[in-house]
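S.K.: Below is a structure I'd like to ask you about.
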Amino acid sequence: MRYADDALIFCKSRKSAERTLGNIIPYIEEELFLKVNRAKTTVWHVSKIKYLGYAFYRNKGKCRFRVHPKTVRKMKDRIWEITRKSKGWGNEYRRQKLTEYVRGGIKYYKLADMKGLMAETDEWLRRRIRAIYWKQWKKVKTRYRNL
Numbered sequence: 001m002r003y004a005d006d007a008l009i010f011c012k013s014r015k016s017a018e019r020t021l022g023n024i025i026p027y028i029e030e031e032l033f034l035k036v037n038r039a040k041t042t043v044w045h046v047s048k049i050k051y052l053g054y055a056f057y058r059n060k061g062k063c064r065f066r067v068h069p070k071t072v073r074k075m076k077d078r079i080w081e082i083t084r085k086s087k088g089w090g091n092e093y094r095r096q097k098l099t100e101y102v103r104g105g106i107k108y109y110k111l112a113d114m115k116g117l118m119a120e121t122d123e124w125l126r127r128r129i130r131a132i133y134w135k136q137w138k139k140v141k142t143r144y145r146n147l
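So for the sequence shown, UniProt numbering puts the first residue at 1; every next one is plus one.
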């Protein structure tokens, strides 16, 4: 049994997309012998699509990728969970877990336009890490010495 999962086909206009959809469904069913779930098959505007954590947008007539806002929220929630002060993890273990997660995310979303997102996330993450260290330095003397 052969199996095909999600597929996206991009067209310039809605009319073109509907025509392409009408031509591609018979081809997939009759030539490739695959079933198409017509209830899930539809035409969408590119700005309303979330696919594997990516969002799409048009820039200067070209389709571009970015990380979907819901995915960004989930990533920040996971980073917040890793950097929680009440976890009881040592700084080295926390750093290792954070490095693994951030590197994995960067590798997965490397196709996306995320320069601004990375700068914003980096700023937020550094502030979280500073707060962890500040909380660990309980005495004023320690804070003064380590700054």
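Every residue, glycine too, gets a C-beta built ideally from N, C-alpha and C.
#1: In whole angstroms, what separates the C-alpha of L111 from that of R58?
#2: For C63, list the residues DSSP reports as bridge partners.
#3: Could you compute how far the alpha carbon of V12 sits from the alpha carbon of E81?
#4: What whole-angstrom Cβ distance do Y93 and I79 have, given they're in contact under 8 Å?
#5: Under the DSSP definition of a beta bridge, which residues are partnered with Y144?
#6: Look at L117 and V72 and say whether their C-beta atoms are less than 8 Å apart.
#7: Give me the DSSP bridge partner(s) of K50.
M.R.: Let me spell this out:
#1: Here the question's residue 111 lines up with position 111 in the sequence shown. Here the question's residue 58 lines up with position 58 in the sequence shown. Between L111 and R58, the C-alpha separation is close to 15 Å.
#2: Counted from its first residue, the sequence shown places residue 63 at position 63. Paired residues: R58.
#3: For this step, residue 12 is matched to residue 12 along the sequence shown. For this step, residue 81 is matched to residue 81 along the sequence shown. In the sequence under discussion, the amino acid at residue 12 is Lys, which differs from the Val named in the question. Cα to Cα, the separation comes out at about 42 Å.
#4: The residue labelled residue 93 in the question sits at position 93 within the sequence shown. The residue labelled residue 79 in the question sits at position 79 within the sequence shown. Not a contact, Cβ separation roughly 15 Å.
#5: As a position in the sequence shown, residue 144 is number 144, starting the count at 1. Looking at the DSSP assignment, Y144 forms no beta bridge with any residue, so it has no partner.
#6: Taking the sequence shown and counting its residues from 1, the one referred to as residue 117 is at position 117. Taking the sequence shown and counting its residues from 1, the one referred to as residue 72 is at position 72. In this structure, V72 lies closer than 8 Å to L117 by Cβ.
#7: Taking the sequence shown and counting its residues from 1, the one referred to as residue 50 is at position 50. Answer is A55, bridged to K50.
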